[in-house]
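Below: the structure, in structure tokens.
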Amino acid sequence: MPAANMGALGYLMRHLQEIAEQSNVHHMTIENLATVFAPSIFRSQPSPDSKKKRTDSQENLLTEMKRMNELKVLIVQVMIENAEKIGVAKDIYKASRRPLDMKKKEKGLIASSVQRHAEGRPPIYECANE
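Numbering-wise (my numbering), the sequence shown opens with residue 55 and increments by one.
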């Protein structure tokens, strides 16, 4: 896999891992995130024999598609759980995500905003630089 693609995959998996760490707020567990993202990460390619007349029953084809989807979801779950092993080193990723000068108040506002949204309450409009 090209380095740029590996970096992007690692970045996405770390981001999904961070989202899953807050699943108590929004219910997006690793399994739920994997279910949503697996079809996009592993796009289906038409098989070379797709133009040939199929001899399998529709039920067999649906069973096979379901099995393949479950496998893709499981693979994405493992990638999210092991995100730190994909792409760039964790400390480089963290440095690119959070500026060193981010104040505790700003972090608190972000966390508060997420919590208020999860509870269905309106956001607090406050300037973080004050």
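A virtual CB, placed ideally from N, CA and C, is assigned to each residue, including glycine.
Fair warning: this is a prediction, and the values are worked out from it, not measured in the lab.
Between which two residues does the alpha helix (DSSP H) carrying His81 extend? Numbered from its first residue, the sequence shown carries residue 81 at position 27. First-last for His81: undefined, no H or E at that position.
Leu125 to Asn86, Cα distance in whole Å? To locate residue 125, count along the sequence shown from 1; it is residue 71. To locate residue 86, count along the sequence shown from 1; it is residue 32. Going by the C-alpha atoms only, they are around 14 Å apart.
For Val132 and Leu116, what's the separation of their Cα atoms in angstroms? Here residue 132 refers to the residue found at position 78 when the sequence shown is read from its first residue. Here residue 116 refers to the residue found at position 62 when the sequence shown is read from its first residue. Roughly 24 Å separates the two Cα atoms.
Of the choices Lys139, Glu173, Arg175, Gly174, whose alpha-carbon is the least far from that of Arg68? As a working mapping, residue 68 is identified with position 14 in the sequence shown. Of the candidates Lys139, Glu173, Arg175, Gly174, the one whose C-alpha sits nearest the C-alpha of Arg68 is Lys139.
What are the boundary residues of the alpha helix (DSSP H) that includes Met133? In the sequence shown, the residue the question calls residue 133 occupies position 79. Looking at the DSSP string, the run of the alpha helix (DSSP H) that includes Met133 is 112–135.
Among the candidates Leu70, Pro93, Ile95, Ala92, whose CA atom is the shortest distance from the CA of Thr83? As a working mapping, residue 83 is identified with position 29 in the sequence shown. For Thr83, the nearest C-alpha among the options comes from Leu70.
What is the DSSP secondary structure of Met55, reduced to helix, strand or coil? Against the sequence shown, residue 55 aligns to sequence position 1. Coil.
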